[in-house]
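This report refers to the structure that appears directly beneath it.
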């Protein structure tokens with residue numbers, strides 16, 4: 001995922017479900033695999049990132065993403081477009097999928113130790129010189145702290161800082177009011193401030 | 207949370223992210239509020255930074271591979287027409303960009319495809335269990351039932367393991383025995399249609415057994431068959447009793463009677479079994495003599511006397527020596543053979559050897575039929591050279607013609623005849 005992709009995602013989501021997307025969802029609900037394929041192409045990247053943020057290894061993220069869409073296909077007959085955005089529905093499936101996965105694996109997949117997590121990640125993408133290694137460790141510590149938050153707070157933090165959605169967009173995606181989203185975000189900040197070391201927030205030089 | 211504080215935090219973060227301000231300038235801009243909002247501003251900036259770093263380092267997903275995996279999973283769930291992408295190119299194929307890459311990827315097989323052995327083992331176990339269940343039910347099937355044919359197949363399974371024709375014949379007789387039990391059961395119940403079916407199967411098995419034995423039966427088989435015949439006779443009586451009530455019984459009963467008659471004419475085999483060395487030879491020679499009397503067709507073997515079951519046996523014992531004397535014709539002294547032949551003819555018991563031969567002796571009883579005198583020769587031929595004598599038999603016509611030939615005996619006495627024997631015996635066995 002690159003910045004331009006992220007922006008596309010934000011724009012894509014900000015525009016709300018287009019007529020084309022609605023039509024695709026309707027067709028998919030009726031069993032049209034090709035329409036579902038187009039929905040997959042539209043949202044697979046977002047779901048993959050959502051899963052990867054919690055799993056972190058590429059292989060796991062890809063497997064789980066494929067599984068999310070498989071479950072979505074099997075359950076699409078029960079999807080009600082009027083109540084929930086399609087992506088939000090996919091996020092819900094992904095969330096459950098991740099929980100089941102971590103339970104079945106009985107391992108700390110979700111809370112991977114920092115060093116290991118960075119080993120698993122593709123170092124080329126970090127392009128990290130020595131000077132950035134500490135920062136990478138901080139990012140990972142921050143991520144682990146986020147993953148210990150309640151589900152709704154995790155979701156809001158993720159959408160706000162990874163997907164860079166506005167409060168209103170997050171509210172629409174989570175089917176909550178903007179005020180509620182702000183409240184969730186505030187509580188998430190408070191929890192993180194209590195959890196994280198001062199150095200993480202204020203930096204070593206401060 | 208104070209709404210104002212939240213807005214201040216948002217403004218500060220936005221200003222810093224856009225480069226319009228720094229932490230230092232913000233501290234100056236927000237004055238006394240900065241102390242309150244600074245931690246949240248810094249945390250937001252850090253989270254934003256971490257989020258961007260995460261996205262930057264995250265390898266792009268292999269959408270084609272994931273779709274292939276998805277496709278492999280749902281393919282079996284779709285109808286054949288839809289799943290066959292060759293016929294429906296538009297279906298199951300990803301939108302162009304992904305589809306092109308997809309073709310290069312190995313398609314992940316679904317679980318059952320990846321475990322063919324497990325699949326086969328499952329099928330095998332299922333088949334065995336099913337077969338066992340059906341077999342059990344089939345064993346209770348009666349003639350005319352849906353599973354009766356399957357039961358017959360199971361009963362005849364022993365044939366598959368039998369090697370020699372004799373073993374197969376034995377299996378056929380066992381098969382016939384089971385049919386006989388069915389005949390008896392159904393006759394008792396008065397199920398005439400079923401009796402008829404069982405009779406047909408019994409008859410088939412019997413014919414096969416005889417055919418496999420080369421038209422002959424061993425002494426043991428012969429005895430078994432005799433007992434079966436007796437049971438059939440009893441069953442016939444049972445049917446007769448039932449017949450009084452229905453006219454339907456006519457057909458099965460007629461079949462049964464035919465069957466009894468057939469069994470009665472089944473050729474028993476001679477004696478190969480018990481008889482030994484010398485005795486046997488004697489019996490052999492004897493046979494010829496009988497055959498003529500009984501039926502030319504079944505040389506060496508006599509038909510079961512309908513009336514008496516095992517009559518044949520009796521004669522056996524006495525036979526051996528006596529024959530010589532009685533037979534008169536045959537040159538007793540020489541070798542047993544000749545004597546034997548004659549003995550039977552002349553007198554009832556004559557037939558010496560206990561072997562099967564004796565059985566024939568019984569036949570002789572019928573001899574009346576003997577008229578056959580004609581070609582009685584056939585039988586003799588096998589046994590010994592003495593055969594020549596037969597011709598003369600014709601003269602005596604009535605019973606044992608051979609005796610008449612007595613005159614010839616002289617030749618046999620020469621014992622030397624050994625040369626002849628060879629021809630006959632081999633053929634018999």
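Protein chains in written order, with this note's numbering: chain A, 1 to 206; chain B, 207 to 635. Idealized CB from N, CA, C, for every residue including glycine.
Return helix, strand or coil for residue i, following the three-state DSSP convention.
i             : result
residue 357/B : helix
residue 322/B : helix
residue 82/A  : coil
residue 507/B : Because residue 507/B sits at a pLDDT of 40, beneath the cut-off of 50, its placement in the model cannot be relied upon, and the point is left open.
residue 368/B : coil
residue 175/A : coil
residue 225/B : coil
residue 637/B : Any property of residue 637/B remains undetermined from this structure, which presents chain B solely from 207 to 635.
residue 270/B : helix
residue 147/A : coil
residue 92/A  : helix
residue 442/B : helix
residue 60/A  : helix
residue 165/A : coil
residue 419/B : coil
residue 197/A : coil
residue 30/A  : coil
residue 24/A  : helix
residue 87/A  : helix
residue 396/B : coil
residue 46/A  : helix
residue 18/A  : coil
residue 77/A  : helix
residue 259/B : helix
residue 264/B : coil
residue 471/B : coil
residue 363/B : coil
residue 333/B : helix
residue 424/B : coil
Buried or exposed: which applies to residue i, given that a residue is buried once 16 or more other Cβ atoms fall within 10 Å of its Cβ?
i             : result
residue 93/A  : buried
residue 228/A : Residue 228/A lies beyond the residue range present for chain A, which begins at 1 and ends at 206; the question has no answer from this structure.
residue 334/B : exposed
residue 535/B : At residue 535/B the pLDDT is 45, less than 50, meaning the model places this residue with poor confidence; the figure from the coordinates comes in the next sentence. So residue 535/B ends up on the buried side.
residue 586/B : Bear in mind that a pLDDT of 42 at residue 586/B, under 50, signals an unreliable position, so the model cannot answer this.
residue 238/B : exposed
residue 371/B : exposed
residue 36/A  : buried
residue 167/A : buried
residue 228/B : exposed
residue 349/B : buried
residue 62/A  : buried
residue 100/A : exposed
residue 361/B : buried
residue 332/B : exposed
residue 171/A : buried
Please list, in chain order, all residues of the same chain as residue i whose beta carbon is under 7 Å from its beta carbon, the five residues on each side excluded.
i             : result
residue 402/B : 457, 458, 461
residue 215/B : 243, 246, 247, 250
residue 28/A  : 35, 36, 39, 76
residue 327/B : none
residue 175/A : 84, 88
residue 354/B : 347, 348
residue 91/A  : 50
residue 155/A : 174
Who are the near neighbours of residue i in its chain, counting only those whose CB is closer than 6 Å to its CB and skipping five residues on each side?
i             : result
residue 642/B : In the structure as shown, chain B begins at 207 and stops at 635. Residue 642/B is therefore absent and cannot be evaluated.
residue 209/A : Summary: the structure shown does not reach residue 209/A, with chain A confined to residues 1 through 206, and so no result is reported for it.
residue 69/A  : 40
With a CB to CB cut of under 8 Å and the five nearest residues on each side skipped, what residues in its chain are close to residue i?
i             : result
residue 411/B : 378, 379, 381, 382, 385
residue 406/B : 461
residue 266/B : none
Can at least three beta-carbon pairs, one atom from the segment 260-276 of chain B and one from the segment 240-251 of chain B, be found at a separation below 8 Å?
No, the segment 260-276 of chain B does not touch the segment 240-251 of chain B.
Hey, is the segment 136-149 of chain A in contact with the segment 184-194 of chain A, meaning 3+ C-beta pairs nearer than 8 Å?
With a cut-off of 8 Å, the segment 184-194 of chain A and the segment 136-149 of chain A count as touching, because enough Cβ pairs lie within range.
Closer than 8 Å is the cut-off here; do at least three beta carbon pairs connect the segment 47-54 of chain A with the segment 252-265 of chain B?
Judged by Cβ distances under 8 Å, the segment 47-54 of chain A makes contact with the segment 252-265 of chain B, as three or more pairs qualify.
Determine, using beta-carbon pairs with one atom in the segment 372-391 of chain B and one in the segment 328-343 of chain B, whether at least three such pairs fall under 8 Å.
They do not touch, by the three-pair rule.
Is the number of C-beta pairs between the segment 39-46 of chain A and the segment 79-98 of chain A that are closer than 8 Å three or more?
Because the criterion of three Cβ pairs below 8 Å is met, the segment 39-46 of chain A and the segment 79-98 of chain A touch.
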